[in-house]
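Visitor: Shown below is the structure under consideration.
Residue numbers (this note's numbering): 5 to 144.
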């Protein structure tokens, strides 16, 4: 018997996927648009985070597909533009939102006895916390 996620957990995972899609595009645009003396280092941090988010999006979409749920293709609103500080602040917010959501998904997966989803989101959460740490350090 194939395990099914509850509607609630599937919806939460689609919210996570929308957040990952947002981060991919947002961080890529920040990588392209950043200017100034620190642009090279910032650009590298943005593109590295974006690539990581692509992996997360793929993992979440695969998990949703396993449950026979349709993965979303619509990202959360994307923050584009502004100076480097505005970009980083938008990215810190995106990471904070993801961290809160992923902690809730971990709890919900545990309630449902879904160890695979719980473990997946624990792994992703650790990476998101690392992104948050990187972006907050960049802000000084």
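For each residue, glycine too, the CB sits at the ideal point set by N, CA and C. Predicted model only: the values in this text are computed from it and were never measured.
DSSP on residue 45, reduced to helix/strand/coil?
Guide: helix
Visitor: Taking the alpha-carbon positions, what's the residue 103 to residue 30 distance?
Guide: A straight-line Cα-Cα distance of about 17 Å links residue 103 and residue 30.
Visitor: Considering only C-alpha positions, which residue in the set 87, 56, 83 and 58 is nearest to residue 41?
Guide: Of the listed residues, the one whose Cα sits closest to residue 41 is 87.
Visitor: What does a CB cutoff of less than 8 Å around residue 141 pick up in its chain, not counting 5 residues either side in sequence?
Guide: none
Visitor: Using a Cβ-Cβ cutoff of less than 6 Å, which residues in the same chain neighbour residue 129 once the five nearest sequence positions on both sides are dropped?
Guide: 106
Visitor: Which residues in the same chain have their Cβ closer than 6 Å to the Cβ of residue 27, if we skip the five residues on either side of it in sequence?
Guide: Taken in chain order, the residues that qualify are 57 and 98.
Visitor: Give me the Cα-Cα distance between residue 118 and residue 9, rounded to the nearest whole angstrom.
Guide: 8 Å
Visitor: Evaluate residue 90 with the Cβ neighbour count: other Cβ atoms within 10 Å of its Cβ, from every protein chain shown; 16 or more gives buried, anything less gives exposed.
Guide: The residue is exposed, with fewer than 16 neighbouring Cβ atoms inside 10 Å.
Visitor: Which residue's Cα is closest to the Cα of residue 75: 82, 126, 136 and 11?
Guide: 11
Visitor: Is DSSP giving residue 141 helix, strand or coil here?
Guide: helix
Visitor: Residue 14 lies in the alpha helix (DSSP H); which residues open and close that run?
Guide: Boundaries of the alpha helix (DSSP H) harbouring residue 14: 11-37, taken from the DSSP string.
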